[in-house]
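Okay, so here's the structure we're looking at.
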Amino acid sequence: MERPEISNLSIRQETPADHQKVFQLLQEAFKDQEFSDQREPELVKRLRSDAGFVPALSMVAETGNTIVGYILLTEIAISGPEGSQTSLALAPIAVCTSFQKKGIGSKLMRHAHKKAKELGYTSIVVIGHEDYYPKFGYQPAHGFGITFPFEVPARNAFILELEKDALLGVQGKVVYADAFFEAE
Ligand SMILES: CC(C)(COP(=O)(O)OP(=O)(O)OC[C@H]1O[C@@H](n2cnc3c(N)ncnc32)[C@H](O)[C@@H]1OP(=O)(O)O)[C@@H](O)C(=O)NCCC(=O)NCCS
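Next up, the structure:
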């Protein structure tokens, strides 16, 4: 399949004017993903209203006037016997299908990591594909003694240290905001 060339790719903070386009992008990108429940557009809507929402960490990748990618990091906590440590959860990342495998996802990841670090965050957790996240330095969360409030295969649960030894002495359960879960 022929794929469009990328010109002038830029990454910037999402604004309310982007919400509808981001919604459509998420619908399209996750449409045929077997692992997905296709509810990512609604998840992002809920997360934007969450106390853990960090506007600077809700970012779009744009070429010309077209939004071709999106990434969101939301503040969460890792809570254990030694206390609670602030962290971030990566969910979701998406690139529209006709622009995939051109490096846009990688650029979004690296840009988001850099921004998070600038804002003083020290780690990021993600549940996702075992082949994708290790490329960006993510390591198995269980190796750090970090657990999740739901069943997740160990091979799909990752954490990234944004600085060396950021997780020394940090272990416990990831505490997500309610917005991560749909109301019953
Ligand atoms: C995952 C996704 C964001 C990657 O974006 P992208 O722009 O295609 O990624 P890149 O071009 O930067 O590719 C980065 C690398 O990841 C690989 N990769 C891409 N999608 C992958 C996937 N679903 N699983 C495993 N590896 C993948 C690429 O082959 C590439 O590997 P390489 O560097 O060894 O060549 C994009 O495929 C997407 O939106 N998928 C649908 C939504 C989704 O699955 N999101 C992630 C879960 S929240």
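Using numbering that gives the first Met the number 0, the first residue of the sequence shown is number 0, and each one after it goes up by one.
Think of the CB as a built atom: it goes at the ideal place given N, C-alpha and C, for glycine as much as any other residue.
With a 10 Å radius around its C-beta and 16 neighbouring C-beta atoms as the bar for buried, classify residue i as buried or exposed.
i	result
Leu71	buried
Gly142	exposed
Ala90	buried
Pro15	exposed
Leu42	buried
His128	exposed
Leu161	buried
Gly104	buried
Ser86	buried
Ala115	buried
Spatial neighbours of residue i within its chain, please: CB distance less than 7 Å, with the 5 preceding and 5 following residues excluded, ordered by chain position.
i	result
Phe52	Leu46, Thr73
Asp49	Thr73, Ala176, Ala178
Ala140	Val124, Ala156, Phe157, Ile158
Gln12	Pro54, Ala55, Ser57, Met58
Would you tell me roughly how many angstroms separate the C-alpha atoms of residue i and residue j, rounded to the nearest one?
i	j	result
Leu24	His18	10 Å
Ala153	Ile10	32 Å
Gly82	Glu27	40 Å
Assuming residue i and residue j form a contact by the criterion Cβ under 8 Å, report the distance between their Cβ atoms to the nearest whole angstrom.
i	j	result
Ala88	Gly68	Actually they do not touch by this definition, with Cβ atoms about 18 Å apart.
Lys30	Ala60	In fact, because the Cβ distance is near 19 Å, the residues do not count as touching under 8 Å.
Write down every uninterrupted run of the alpha helix (DSSP H) in the segment 19-55 whose length is 4 residues or greater and which is fully enclosed by it, in chain order.
39-47
Taking only runs of the alpha helix (DSSP H) that begin and end inside the segment 102-151, which ones reach a length of at least 4 residues, in chain order?
103-117
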